[in-house]
Structures are given as C-alpha cells and as structure tokens.
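Numbering-wise, the sequence shown is residues 4 to 307 according to the numbering used here. Every residue gets a Cβ at the ideal spot worked out from N, C-alpha and C, and that includes glycine. Everything numeric in this text was worked out from a predicted model, so none of it was measured. Contents: one structure, followed by commentary.
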Amino acid sequence: MTNRPRRARRVQLSTPGSSEKMMQKASESKADHVFLDLEDAVAPSQKRDARKKIVEALKTLNWKGKTRCVRINDLTTEYAYEDIIEIVEGAGEHLDTFMMTKVQTAADILFADKLLNQMEKKLKLKNRIGLEALIEEVEGMQNVDEIARSTPRLECLVFGMGDFSASMGVTNKNVGESDGYPGDIWHYARFRLVMACRAAGIDPVDGPFADFKNPEAYREECRRSMILGCVGKWAIHPSQIEHALEIYSPKPEDIARARRLEKAYAEAEAKGLGAINVDGIMVDVASIRILRNTILNKADLFGM
Numbered sequence: 004m005t006n007r008p009r010r011a012r013r014v015q016l017s018t019p020g021s022s023e024k025m026m027q028k029a030s031e032s033k034a035d036h037v038f039l040d041l042e043d044a045v046a047p048s049q050k051r052d053a054r055k056k057i058v059e060a061l062k063t064l065n066w067k068g069k070t071r072c073v074r075i076n077d078l079t080t081e082y083a084y085e086d087i088i089e090i091v092e093g094a095g096e097h098l099d100t101f102m103m104t105k106v107q108t109a110a111d112i113l114f115a116d117k118l119l120n121q122m123e124k125k126l127k128l129k130n131r132i133g134l135e136a137l138i139e140e141v142e143g144m145q146n147v148d149e150i151a152r153s154t155p156r157l158e159c160l161v162f163g164m165g166d167f168s169a170s171m172g173v174t175n176k177n178v179g180e181s182d183g184y185p186g187d188i189w190h191y192a193r194f195r196l197v198m199a200c201r202a203a204g205i206d207p208v209d210g211p212f213a214d215f216k217n218p219e220a221y222r223e224e225c226r227r228s229m230i231l232g233c234v235g236k237w238a239i240h241p242s243q244i245e246h247a248l249e250i251y252s253p254k255p256e257d258i259a260r261a262r263r264l265e266k267a268y269a270e271a272e273a274k275g276l277g278a279i280n281v282d283g284i285m286v287d288v289a290s291i292r293i294l295r296n297t298i299l300n301k302a303d304l305f306g307m
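Shown next as structure tokens:
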C-alpha cells in the first residue's frame, strides 16, 4: 500500500491515556482527531496501566468521524516498543495512527514502520496503521526533509514548539507564546516544516498553545500557521476545539466563490481560453490551483 488516506486534522485533541473520564469526553467532542497520550500526560508509574485503558477505550467508545491516534513514548525510553506492541495487539483494528515523539532522524520512523509491518502481517490487519511524527528537537528540524520522505506510512508532521523551545534554548513563559519577540517567533520553524511536508505529500500540523484561557492568542496562532499551510493545530483543552475548527475550515462564502470561479474557468477553457476576467479579477490555471489546494480540497474533505 502506498496511497495515504485523507484525514481531517483541523484539531488534534490531546487526551491523557490514564483517564477513562477524559477519553470518554474526547470521544464525544467535536474534534476530528484525538490522540490518546502515553507520553507527557502520563506518569511513569502509570504508563503500563494506561496502555490497557487506551485499548479498552479504543474498542468500546464511539469514535465515529474521528481519527483515532495514540501518542507513544520516545525511542530513548524503555516504553516505546511495548507501547506499539500492546496497543496493536489489543486494539489493532480500532486504531488509525501512532504519533511518535521527539523524532530526530528517518531511522526513528523506519523502526516503527518495520515493527508495524511485521505486526500487521502476523495479526492479518486489513488497514495499514499510519504514523505521525512530532518534530520537537533541533536535530529533528535539521533532518525534517529526510524524515518527511522516510516511508509511505508517515501521514503528517507536527511542530512541537514546547520541547523545541527547550532544545533551542528559546526563552518563553508558556508553550506556544512569543513573549515579546518582534514578529512570529515560530515563522521559520513552521515554514520549514510545511515545506518538507508539502514536498513529501503529507500533512503539516501546528502544535500546542498552553494558555487555554487566552482564546484570542490561540486563534492568532491558528491563523498564522493556517496561512503558512498548516492543516490544523493541537488542542490541549476542549475549549480550544471550536476555535481551531473554525479557523482551519474554509468559510462558506469563500467556498461558494471558489466553486463559481472554477466553473467559469472550466467553461472558458472549453472554449479555448487560457485566462478570463471574473468580477475584475484575472483567473487562470494558477488561480484555480490555489483555490483547489486552499479551499476546495478542504471543503470536499470536511463535507462542506
């Protein structure tokens, strides 16, 4: 299998895998992607028990319409390989993707890819389990192009600015904030990640914003990353879900306009015209490509 499934990732809701209550609420939320966390949100003493809770949640809760993801511990820990093995053996058919943490090289991705290849054959799973990778270390950002092209199993990269701040020595008070930096402190990192993803044909996703009581600042970070090409952003609290869904979804009026321009250009092209004037705006093949990639493809994916 080489074709990647198209998945909505406007908002990726972070949910502790140690809490049955929070996983229940996540399944009932409007988030179109939920990752059940085995890493930072779970204390070391609770990690093994959390695997069992996640398996049960994946198998029993109603996740209809959602991408079901599990975030595993990073490969330098003692937990990562058993995270994959126990979750797949327990809930393989009920899982869509694994999110890998602190990815630094393509070899990290290939480790999980090979392990999943073997398990899918052994368990005779019908659907391929995808991979998502957090780029949150300096080494990972330096190797982002190689990582993005590592395997067809990889579906998206996420910019994890929390650990990235620590790795870079960036000074900020809360994860995702700029603390007075003149301009967008994350512009280069986001831009570089988006370019690597687009070249590889995978989704770029923006990471967390810790101050969930500051919705306007969260919306501004969503807007900035969306303009650069990110398809969505993390929500570390349910209150952030609606904001991300709104900003990463095309507006109805923009969809209607894009469909009108696409129809007008198709009619003109059938007449042998390469460019047309619609309401005082030149529309050509490049214009239609922009509309298709930024509005219409999203509208189709989200059923708008």
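In terms of Cβ geometry, arginine 156 and leucine 134 form a close pair [threshold 7 Å]. In the DSSP annotation of this structure, the continuous segment of the beta strand (DSSP E) that includes leucine 157 starts and ends at 157-162. For glycine 235, the number of other beta carbons within 10 angstroms of its own is at least 16, and it is reported as buried.
Between leucine 160 and leucine 119, the beta carbon gap of about 18 Å keeps them out of contact (Cβ cut-off 8 Å). Within the DSSP bridge table, the entry for leucine 39 names Thr18, Val73 as partners. Using a 10 angstroms sphere on the CB of alanine 261, the tally of other CB atoms reaches 16 or more, which defines it as buried. Inter-residue distance for tyrosine 221 and valine 208 is about 14 Å (C-alpha atoms, whole angstroms). Under the three-state reduction of DSSP, threonine 63 is assigned to helix. In terms of Cα proximity to glycine 163, the closest of Arg74, Asp86, Ser242 is Arg74.
Between the beta-carbon of glutamine 27 and that of leucine 64 there is about 6 Å, and that keeps the pair under the 8 Å contact cut. Annotated three-state conformation of methionine 171 is helix, per DSSP. Just so you know, the alpha carbons of leucine 304 and lysine 69 end up roughly 13 Å apart. DSSP places asparagine 280 within a strand segment (E or B) once states are collapsed to three. Residue range 255-273 is occupied by the alpha helix (DSSP H) that includes proline 255. Below 8 Å, too few C-beta pairs join the region 210-230 and the region 267-274 to call them touching: fewer than three.
Contact check between the region 41-59 and the region 245-258: fewer than three CB pairs, one atom from each, fall below 8 Å, which does not count as touching. The C-alpha of methionine 102 is placed about 41 Å away from the C-alpha of tyrosine 268.
Taking the Cα of valine 147 as reference, the smallest distance to any Cα among Glu96, Tyr184, Met307, Arg193 is reached at Arg193. Between threonine 18 and alanine 29 a beta carbon distance of about 4 Å is seen, short of the 8 Å cut, so the two are scored as contacting.
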